[in-house]
Amino acid sequence: MVRLAALAVLAFALHLLFAWAEGYILENEQGWTMPGFLVVALLIYAVLIAIPFVPGIEIGLMVLAAGGGDIAPFVWLATASGLTMAYMVGCKVPYRWLHRILLDLHLTRACRMLEEFETLSPPERAGFIAAQLPGRYLDWIVHYRYLHLAVLINVPGNSIIGGGGGIAFVSGLSGVFRAPLAVLTLFAATAPVPLTIWLFGWSLT
15 MVRLAALAVL AFALHLLFAW AEGYILENEQ GWTMPGFLVV ALLIYAVLIA IPFVPGIEIG
75 LMVLAAGGGD IAPFVWLATA SGLTMAYMVG CKVPYRWLHR ILLDLHLTRA CRMLEEFETL
135 SPPERAGFIA AQLPGRYLDW IVHYRYLHLA VLINVPGNSI IGGGGGIAFV SGLSGVFRAP
195 LAVLTLFAAT APVPLTIWLF GWSLT
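Have a look at this one:
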(Lines of atoms letter the chains of each structure in order from A and count residues from 1; the text may use other names and numbers.)
(Lines give C-alpha, C1' and ligand atoms only; values in the text may rest on other atoms or scores of the structure.)
Protein backbone atom coordinates (compact mmCIF):
# COMPACT_ATOMS: atom_id res chain seq x y z
CA MET A 1 0.00 0.00 0.00
CA VAL A 2 2.86 2.38 0.79
CA ARG A 3 4.47 1.66 -2.60
CA LEU A 4 1.15 2.20 -4.42
CA ALA A 5 0.61 5.46 -2.55
CA ALA A 6 4.14 6.63 -3.42
CA LEU A 7 3.61 5.76 -7.08
CA ALA A 8 0.28 7.62 -7.11
CA VAL A 9 1.91 10.72 -5.61
CA LEU A 10 4.76 10.50 -8.12
CA ALA A 11 2.33 10.10 -11.01
CA PHE A 12 0.42 13.19 -9.87
CA ALA A 13 3.66 15.15 -9.45
CA LEU A 14 4.81 14.15 -12.94
CA HIS A 15 1.45 15.19 -14.36
CA LEU A 16 1.74 18.62 -12.69
CA LEU A 17 5.33 18.94 -13.94
CA PHE A 18 4.34 18.16 -17.54
CA ALA A 19 1.40 20.57 -17.35
CA TRP A 20 3.52 23.34 -15.83
CA ALA A 21 6.34 22.86 -18.34
CA GLU A 22 3.92 22.86 -21.27
CA GLY A 23 2.18 26.01 -20.00
CA TYR A 24 5.45 27.81 -19.29
CA ILE A 25 6.90 26.94 -22.68
CA LEU A 26 3.77 28.05 -24.56
CA GLU A 27 3.33 31.25 -22.52
CA ASN A 28 6.89 32.30 -23.24
CA GLU A 29 6.55 31.42 -26.92
CA GLN A 30 9.17 28.73 -26.63
CA GLY A 31 7.07 25.91 -28.01
CA TRP A 32 10.04 24.75 -30.01
CA THR A 33 11.62 23.50 -26.76
CA MET A 34 8.73 21.15 -25.92
CA PRO A 35 10.01 18.24 -28.07
CA GLY A 36 13.40 18.57 -26.38
CA PHE A 37 11.76 18.45 -22.95
CA LEU A 38 9.89 15.27 -23.90
CA VAL A 39 13.03 13.68 -25.31
CA VAL A 40 14.96 14.36 -22.10
CA ALA A 41 12.10 12.97 -19.98
CA LEU A 42 11.88 9.82 -22.09
CA LEU A 43 15.66 9.32 -22.02
CA ILE A 44 15.61 9.51 -18.21
CA TYR A 45 12.74 7.03 -18.19
CA ALA A 46 14.63 4.64 -20.52
CA VAL A 47 17.65 4.68 -18.20
CA LEU A 48 15.47 4.13 -15.11
CA ILE A 49 13.65 1.15 -16.60
CA ALA A 50 16.98 -0.49 -17.48
CA ILE A 51 17.97 -0.59 -13.80
CA PRO A 52 17.23 -3.93 -12.06
CA PHE A 53 14.46 -4.00 -9.44
CA VAL A 54 12.93 -0.75 -10.71
CA PRO A 55 9.13 -1.18 -11.24
CA GLY A 56 9.19 -0.61 -15.00
CA ILE A 57 5.51 -1.20 -15.81
CA GLU A 58 4.38 1.13 -13.05
CA ILE A 59 6.76 3.90 -14.14
CA GLY A 60 5.67 3.49 -17.76
CA LEU A 61 2.03 3.92 -16.76
CA MET A 62 2.97 6.99 -14.70
CA VAL A 63 4.71 8.55 -17.71
CA LEU A 64 1.65 7.82 -19.86
CA ALA A 65 -0.63 9.34 -17.22
CA ALA A 66 1.57 12.42 -16.97
CA GLY A 67 2.19 13.00 -20.67
CA GLY A 68 -1.07 11.77 -22.15
CA GLY A 69 -1.90 9.23 -24.83
CA ASP A 70 -0.22 11.24 -27.58
CA ILE A 71 3.24 10.27 -26.31
CA ALA A 72 2.35 6.57 -25.99
CA PRO A 73 4.39 5.48 -29.06
CA PHE A 74 7.42 7.32 -27.68
CA VAL A 75 6.93 5.73 -24.26
CA TRP A 76 6.88 2.34 -25.99
CA LEU A 77 10.12 3.09 -27.82
CA ALA A 78 11.74 4.34 -24.60
CA THR A 79 10.57 1.25 -22.68
CA ALA A 80 11.81 -1.20 -25.30
CA SER A 81 15.08 0.72 -25.73
CA GLY A 82 15.74 0.74 -21.98
CA LEU A 83 15.12 -3.00 -21.69
CA THR A 84 17.27 -3.64 -24.76
CA MET A 85 20.05 -1.64 -23.13
CA ALA A 86 19.77 -3.79 -19.99
CA TYR A 87 19.88 -6.96 -22.14
CA MET A 88 22.97 -5.78 -24.04
CA VAL A 89 24.75 -4.85 -20.81
CA GLY A 90 24.00 -8.34 -19.51
CA CYS A 91 25.54 -9.83 -22.67
CA LYS A 92 28.77 -7.91 -22.07
CA VAL A 93 29.25 -8.40 -18.32
CA PRO A 94 32.31 -10.64 -17.70
CA TYR A 95 31.51 -13.78 -15.77
CA ARG A 96 34.58 -13.22 -13.60
CA TRP A 97 32.81 -10.23 -12.00
CA LEU A 98 29.84 -12.40 -11.07
CA HIS A 99 32.21 -15.11 -9.88
CA ARG A 100 33.96 -12.61 -7.60
CA ILE A 101 30.64 -11.47 -6.13
CA LEU A 102 29.60 -15.05 -5.42
CA LEU A 103 32.94 -15.73 -3.74
CA ASP A 104 32.54 -12.64 -1.57
CA LEU A 105 29.16 -14.01 -0.49
CA HIS A 106 30.76 -17.43 0.19
CA LEU A 107 28.43 -19.10 -2.34
CA THR A 108 30.96 -21.71 -3.36
CA ARG A 109 28.43 -24.11 -4.87
CA ALA A 110 27.08 -21.35 -7.09
CA CYS A 111 30.67 -20.52 -8.09
CA ARG A 112 31.28 -24.11 -9.20
CA MET A 113 28.04 -24.11 -11.20
CA LEU A 114 29.00 -20.82 -12.82
CA GLU A 115 32.41 -22.17 -13.79
CA GLU A 116 30.76 -25.14 -15.48
CA PHE A 117 28.07 -22.98 -17.07
CA GLU A 118 30.63 -20.57 -18.58
CA THR A 119 32.33 -23.33 -20.58
CA LEU A 120 29.10 -24.45 -22.30
CA SER A 121 27.78 -23.38 -25.69
CA PRO A 122 24.39 -21.58 -25.82
CA PRO A 123 22.41 -24.78 -26.62
CA GLU A 124 24.26 -26.62 -23.87
CA ARG A 125 23.50 -23.79 -21.45
CA ALA A 126 19.79 -24.12 -22.21
CA GLY A 127 20.00 -27.84 -21.44
CA PHE A 128 21.95 -27.12 -18.26
CA ILE A 129 19.28 -24.70 -17.04
CA ALA A 130 16.52 -27.15 -17.90
CA ALA A 131 18.29 -29.83 -15.88
CA GLN A 132 18.26 -27.57 -12.79
CA LEU A 133 14.49 -27.13 -12.85
CA PRO A 134 12.46 -29.17 -10.35
CA GLY A 135 10.38 -31.88 -11.97
CA ARG A 136 10.81 -33.77 -15.22
CA TYR A 137 8.32 -31.86 -17.33
CA LEU A 138 9.40 -28.25 -16.79
CA ASP A 139 11.90 -28.12 -19.64
CA TRP A 140 9.18 -26.38 -21.69
CA ILE A 141 10.00 -23.25 -19.66
CA VAL A 142 13.42 -23.17 -21.32
CA HIS A 143 12.12 -24.41 -24.68
CA TYR A 144 9.63 -21.53 -24.92
CA ARG A 145 11.95 -19.04 -23.22
CA TYR A 146 11.16 -16.13 -25.56
CA LEU A 147 7.46 -16.43 -24.76
CA HIS A 148 8.19 -16.57 -21.05
CA LEU A 149 10.50 -13.57 -21.33
CA ALA A 150 7.60 -11.59 -22.80
CA VAL A 151 5.26 -12.80 -20.06
CA LEU A 152 7.67 -11.93 -17.24
CA ILE A 153 8.24 -8.45 -18.66
CA ASN A 154 4.48 -7.80 -18.44
CA VAL A 155 3.72 -9.39 -15.07
CA PRO A 156 2.63 -6.68 -12.60
CA GLY A 157 4.88 -6.55 -9.58
CA ASN A 158 7.80 -8.18 -11.39
CA SER A 159 10.11 -5.76 -9.55
CA ILE A 160 10.19 -8.45 -6.82
CA ILE A 161 12.20 -10.69 -9.19
CA GLY A 162 14.29 -7.89 -10.68
CA GLY A 163 11.84 -5.80 -12.68
CA GLY A 164 11.95 -5.50 -16.46
CA GLY A 165 15.53 -4.27 -16.35
CA GLY A 166 16.71 -7.11 -14.13
CA ILE A 167 14.88 -9.73 -16.20
CA ALA A 168 16.38 -8.38 -19.43
CA PHE A 169 19.83 -8.15 -17.83
CA VAL A 170 19.80 -11.77 -16.64
CA SER A 171 18.49 -12.88 -20.03
CA GLY A 172 21.53 -11.32 -21.67
CA LEU A 173 23.86 -12.67 -18.99
CA SER A 174 22.58 -16.23 -19.45
CA GLY A 175 23.70 -16.42 -23.07
CA VAL A 176 20.74 -18.64 -24.05
CA PHE A 177 18.90 -15.94 -26.01
CA ARG A 178 19.78 -14.90 -29.54
CA ALA A 179 20.18 -11.13 -29.53
CA PRO A 180 17.94 -10.33 -32.56
CA LEU A 181 15.10 -12.52 -31.27
CA ALA A 182 15.50 -11.24 -27.72
CA VAL A 183 15.33 -7.60 -28.84
CA LEU A 184 12.32 -8.37 -31.05
CA THR A 185 10.65 -10.05 -28.06
CA LEU A 186 11.28 -7.01 -25.85
CA PHE A 187 9.82 -4.63 -28.43
CA ALA A 188 6.79 -6.88 -29.00
CA ALA A 189 6.21 -7.48 -25.28
CA THR A 190 6.18 -3.76 -24.45
CA ALA A 191 3.97 -2.72 -27.39
CA PRO A 192 0.37 -3.71 -26.47
CA VAL A 193 -0.46 -1.28 -23.65
CA PRO A 194 1.04 1.99 -24.99
CA LEU A 195 -0.04 1.34 -28.58
CA THR A 196 -3.57 0.43 -27.49
CA ILE A 197 -3.77 3.66 -25.48
CA TRP A 198 -2.51 5.61 -28.49
CA LEU A 199 -4.78 3.95 -31.08
CA PHE A 200 -7.97 4.24 -29.00
CA GLY A 201 -7.11 7.63 -27.50
CA TRP A 202 -7.50 6.42 -23.95
CA SER A 203 -6.39 8.52 -21.00
CA LEU A 204 -4.99 7.33 -17.68
CA THR A 205 -5.89 10.53 -15.83
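Add 14 to the 1-based position in the sequence shown for this note's numbering, that's all there is to it. Think of the CB as a built atom: it goes at the ideal place given N, C-alpha and C, for glycine as much as any other residue.
Residue nearest to residue i in terms of C-alpha spacing, selected from the options
i      : options                          : result
ALA64  : ILE181, LEU195 and VAL207        : ILE181
PRO125 : THR133, LEU57, HIS113 and LEU119 : Here residue 125 turns out to be Cys, not Pro, going by the sequence shown. Out of THR133, LEU57, HIS113 and LEU119, HIS113 has the C-alpha closest to the C-alpha of CYS125.
VAL169 : THR204, ILE143 and PRO148        : THR204
GLY96  : GLU130, PHE131, LEU57 and PRO87  : LEU57
Beta-carbon proximity of residue i to residue j, cut-off 9 Å
i      : j      : result
ARG139 : GLY176 : no
LEU128 : TYR101 : no
GLY74  : VAL207 : yes
LEU117 : LEU163 : no
LEU166 : TRP90  : no
GLY179 : VAL107 : no
VAL77  : ALA55  : yes
Same chain only: Cβ atoms within 7 Å of residue i, ignoring 5 sequence neighbours per side
i      : result
VAL184 : GLY104 and GLY176
ILE85  : LEU52
VAL68  : LEU62, SER173, GLY177 and GLY179
PRO66  : GLY176, GLY177, GLY179, GLY180 and PHE183
ALA92  : LEU56, TYR59 and ALA60
Alpha-carbon spacing of residue i relative to residue j, whole angstroms
i      : j      : result
ILE211 : SER135 : 42 Å
ARG159 : LEU152 : 12 Å
LEU119 : TRP111 : 13 Å
LEU161 : PHE191 : 12 Å
THR122 : LEU195 : 33 Å
ALA60  : ALA145 : 35 Å
PRO137 : ILE115 : 26 Å
THR133 : ALA193 : 19 Å
PHE131 : LEU147 : 15 Å
PHE214 : GLY141 : 43 Å
Neighbourhood of residue i by C-beta, 8 Å cutoff - its chain only, sequence neighbours within 5 removed
i      : result
TRP154 : none
PHE88  : LEU52 and LEU56
Coil, strand or helix - residue i by DSSP
i      : result
VAL53  : helix
VAL68  : coil
TRP212 : helix
ALA164 : helix
PHE191 : coil
LEU121 : coil
ASP84  : helix
Cβ neighbours of residue i in the same chain (closer than 6 Å, five flanking residues each side left out)
i      : result
ILE143 : VAL156
MET99  : ALA64
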